[in-house]
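Just so you know, the sequences run in chain order A and B.
The numbering used here applies: residue 395 is where the first sequence begins, and numbers increase by one.
The numbering used here applies: residue 187 is where the second sequence begins, and numbers increase by one.
Note that CB positions come from ideal geometry on N, CA and C, so glycine has one too.
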Amino acid sequence: ETGVTQTPRHLVMGMTNKKSLKCEQHLGHNAMYWYKQSAKKPLELMFVYSLEERVENNSVPSRFSPECPNSSHLFLHLHTLQPEDSALYLCASSQSMGLVQFFGPGTRLTVL
Amino acid sequence: KNEVEQSPQNLTAQEGEFITINCSYSVGISALHWLQQHPGGGIVSLFMLSSGKKKHGRLIATINIQEKHSSLHITASHPRDSAVYICAVSTSGTYKYIFGTGTRLKVLA
Numbered sequence: 395e396t397g398v399t400q401t402p403r404h405l406v407m408g409m410t411n412k413k414s415l416k417c418e419q420h421l422g423h424n425a426m427y428w429y430k431q432s433a434k435k436p437l438e439l440m441f442v443y444s445l446e447e448r449v450e451n452n453s454v455p456s457r458f459s460p461e462c463p464n465s466s467h468l469f470l471h472l473h474t475l476q477p478e479d480s481a482l483y484l485c486a487s488s489q490s491m492g493l494v495q496f497f498g499p500g501t502r503l504t505v506l
Numbered sequence: 187k188n189e190v191e192q193s194p195q196n197l198t199a200q201e202g203e204f205i206t207i208n209c210s211y212s213v214g215i216s217a218l219h220w221l222q223q224h225p226g227g228g229i230v231s232l233f234m235l236s237s238g239k240k241k242h243g244r245l246i247a248t249i250n251i252q253e254k255h256s257s258l259h260i261t262a263s264h265p266r267d268s269a270v271y272i273c274a275v276s277t278s279g280t281y282k283y284i285f286g287t288g289t290r291l292k293v294l295a
């Protein structure tokens, strides 16, 4: 595997479910990012990790909980989501913060 | 008003046409990025610019720092160029990207 991978690619969940999105980067980068992309809106930065420390929590509701166990892996834990949370969730990484970001393919999330 | 504005929002072209997508921004930047997003969702970085002009194959990106404006040109367009093209800026002194809403390009054979 090369680049940035995300699993699953598609996820349908009910409002009472708990699920997790996974991102893995094979580029040796030190910074990782979660973005939300809703229809007709610009990408929104959710969380940033640098060297496994969270450096940004962009007023994201607590029903989204990130985890970065090491510099190659990033998770987004989801619980009691709302239908308006349905979106494409993109992970990205960069060698360090401020440098070019490499994006994963995204997870298309639908909340019923 | 968004800090990064793109035009047009949607563009349909015939194969072979010369295409221009514009991006204007209102903040101080350290760099401007052009990104390509295919229907599957993944985003690919095309260019990072802080001045002047860059070329890669049939793609050309220019930036005018004084006018806070950038253009992405596609020469001899092809149906495989159909995608959403996103302009993003890295703001001065931070690592954050500010994104435009994207230009949806469809190239017809």
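Cβ-Cβ distances below 6 Å link Gly408(A) to Leu506 in the same chain, with the five nearest sequence neighbours on each side left out; the list follows chain order. In the structure shown, the three-state DSSP call for Arg266(B) is helix. According to the DSSP secondary-structure assignment, Met234(B) is paired through a beta bridge with His219(B). For the 9 Å CB-CB criterion, Pro499(A) and Gly228(B) form a contact.
Residue-level contact by beta carbon fails for Arg448(A) and chain B, as no gap is shorter than 9 Å. Arg290(B) is bridged by DSSP to Asn196(B), Val270(B).
Between Ser237(B) and Ile249(B), the beta carbon gap of about 6 Å places them in contact (Cβ cut-off 8 Å). Under the 8 Å Cβ criterion, the stretch 189-199 of chain B does not count as touching the stretch 437-451 of chain A, having fewer than three qualifying pairs.
Distances from the CA of His420(A) to each of Thr504(A), Ala486(A), Tyr443(A) were compared; the closest alpha carbon is that of Ala486(A). At a cut-off of 9 Å between beta-carbon atoms, Pro436(A) makes contact with chain B. The DSSP-derived three-state label of Glu203(B) is coil. Using a Cβ-Cβ cut-off of 9 Å, Lys254(B) does not count as an interface residue toward chain A, since no Cβ of chain A sits closer than that to its own. Considering only Thr198(B), Ser212(B), Thr206(B), Ala247(B), the residue with the shortest C-alpha distance to Lys254(B) is Ser212(B). Beyond the five residues adjoining it in sequence on each side, Ile205(B) comes within less than 6 Å, by CB distance, of Ala199, Ile260, Ser263 in the same chain, given in chain order.
Within the same chain, and ignoring the five residues on either side of His471(A) in sequence, the residues whose Cβ sits closer than 6 Å to its Cβ are Ser414, Ser459.
In the DSSP annotation of this structure, Tyr281(B) is not part of any beta strand (DSSP E), being labelled neither H nor E. Assigned with DSSP and collapsed to three states, Pro460(A) falls in strand. Between His219(B) and chain A, the shortest Cβ-Cβ separation is below 9 Å. Here the alpha carbons of Leu218(B) and Leu493(A) stand approximately 11 Å from one another.
In terms of Cβ geometry, Gln489(A) and Gly397(A) do not form a close pair [threshold 9 Å]. Put simply, the CB of Gly288(B) is near chain A, with a gap under 9 Å to one of its CB atoms. Here Glu478(A) carries a helix assignment [DSSP, helix/strand/coil].
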